[in-house]
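Going from the sequence shown to this note's numbering is simple: count from 1 and add 656.
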Amino acid sequence: MYIAMNRFEVKPENAEAFEAIWLGRDSHLKEVDGFVEFHMLRGPEREGRILYASHSVWASEEAFLGWTRSEAFRAAHKDAGSTMSLHEGAPVFEGFKTIQHISCRQA
Numbered sequence: 657m658y659i660a661m662n663r664f665e666v667k668p669e670n671a672e673a674f675e676a677i678w679l680g681r682d683s684h685l686k687e688v689d690g691f692v693e694f695h696m697l698r699g700p701e702r703e704g705r706i707l708y709a710s711h712s713v714w715a716s717e718e719a720f721l722g723w724t725r726s727e728a729f730r731a732a733h734k735d736a737g738s739t740m741s742l743h744e745g746a747p748v749f750e751g752f753k754t755i756q757h758i759s760c761r762q763a
């Protein structure tokens, strides 16, 4: 399993617009082999910025890398440059290989 995250710092006055873009966009993720799940997370506000993180789970790092080279990736990110004014600086990418996974699956 592989987890890919991007962190964004957003001014509080831009939070509503930033969230609306994420909630209204077509991610194209469900079309990609190896995709498991996605979460958009809102974190704490510190020093006048709200921390957000996009969090996607993949079957493997290879599946994630395949996504980054796909037409679905290009389609999902085609307008990314137009939203740069809503967050401070570039997103900070972090990729993680899973070394332990504990789950509680409820029926």
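From the three backbone atoms N, C-alpha and C, an ideal C-beta is built for every residue, glycine too.
Option in A732, L685, I677 and K667 with minimal Cα separation from E701
K667
Residue from K753, G690 and K734 whose Cα sits closest to the Cα of A715
G690
What does a CB cutoff of less than 6 Å around A709 pick up in its chain, not counting 5 residues either side in sequence?
M661, R663 and L697
Euclidean distance between Cα positions of A671 and S712
21 Å
DSSP beta-bridge partners for S712?
A660 and F694
Measuring straight from C-alpha to C-alpha, what distance separates E693 and K734?
21 Å
Going by DSSP in three states, E703 sits in which element: helix, strand or coil?
coil
Output needed for A673: all residues of its chain with C-beta closer than 7 Å, excluding positions within five of it in sequence on either side, in chain order.
L742
Expressed to the nearest angstrom, what Euclidean distance is found between the alpha-carbon atoms of E703 and T724?
32 Å
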